[in-house]
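Report on the following structure.
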Amino acid sequence: MNSSSATVTAEVGPGIDPTLLDDALSRARAFCATNPLGALTIAARKTGHPAMPDAVLADVHASVRGRHVDARAVAPTFDAALDHALARLTEQLDRHVALAAV
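Next comes the structure, spelled out in structure tokens:
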């Protein structure tokens with residue numbers, strides 16, 4: 026596991042329990058420990074979509090080697106949305122590393 030000095034932040038919008046932030050920050054720090062990131066930001070909010078009024082939209086923004094990599098996911102819960110967004114971020118980072126190696 027790599028040591029990480031990444032800046033990690035998380036915020037939630039209205040309707041999402043702010044006590045979930047501690048777990049989100051822990052998960053984000055663990056993610057950064059295995060990825061070469063300079064910063065990772067998590068933002069989550071209720072979708073507001075009439076068909077999914079209780080669903081959560083999670084946006085994850087990472088800075089890696091001076092470039093920004095973003096991922097987004099919608100799921101019924103904050104935890105699920107964060108899981109999906111981090112999985113998508115992993116895919117984006119894998120592509121970024123592959124392109125940088127070319």
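In terms of my numbering, the sequence shown has 61 at position 36, counting the first letter as 1, and numbering is strictly consecutive.
Note that beta-carbon positions come from the ideal geometry of N, C-alpha and C, so glycine has one too.
Mapping the DSSP letters down to three states, classify residue i as helix, strand or coil.
{"i": "ALA96", "result": "strand"}
{"i": "SER88", "result": "strand"}
{"i": "ALA69", "result": "strand"}
{"i": "LEU82", "result": "strand"}
{"i": "ALA106", "result": "helix"}
{"i": "THR44", "result": "helix"}
How many angstroms separate the CA atom of residue i from the CA atom of residue j?
{"i": "GLY40", "j": "LEU65", "result": "23 Å"}
{"i": "HIS86", "j": "PRO75", "result": "26 Å"}
{"i": "VAL33", "j": "PRO61", "result": "13 Å"}
{"i": "ALA37", "j": "LEU46", "result": "Looking at the sequence itself, residue 37 is Val, so the reference to Ala does not match. Answer to the nearest angstrom: the Cα atoms are 8 Å apart."}
{"i": "PRO43", "j": "ALA55", "result": "20 Å"}
{"i": "SER30", "j": "MET77", "result": "37 Å"}
{"i": "ASP104", "j": "ALA49", "result": "8 Å"}
{"i": "VAL94", "j": "CYS57", "result": "13 Å"}
{"i": "GLN117", "j": "ARG92", "result": "12 Å"}
{"i": "ASP119", "j": "THR59", "result": "12 Å"}
{"i": "ARG113", "j": "ARG90", "result": "18 Å"}
Output needed for residue i: all residues of its chain with C-beta closer than 8 Å, excluding positions within five of it in sequence on either side, in chain order.
{"i": "LEU82", "result": "ALA69, ARG70, LYS71, THR72, ARG97, ALA98, VAL99 and ALA106"}
In chain order, what residues of the same chain have a beta carbon less than 7 Å from the beta carbon of residue i, not counting five sequence neighbours either side?
{"i": "PHE108", "result": "Sequence inspection shows Asp at residue 108; the Phe mentioned does not correspond to that position. If we look at ASP108 and ignore the five residues flanking it on each side, it has no Cβ neighbours."}
{"i": "THR115", "result": "none"}
{"i": "ALA53", "result": "VAL33, ALA35, LEU65 and ILE67"}
Closest by CA to residue i, which one among the options?
{"i": "THR102", "options": "ILE67, VAL37, ALA80 and HIS93", "result": "ALA80"}
{"i": "SER51", "options": "LEU118, ARG120 and LEU111", "result": "LEU111"}
Quick one: what's got a C-beta closer than 6 Å to residue i's C-beta in the same chain, skipping five residues either side?
{"i": "SER88", "result": "GLY63 and ALA64"}
{"i": "ASP84", "result": "ALA68 and ARG97"}
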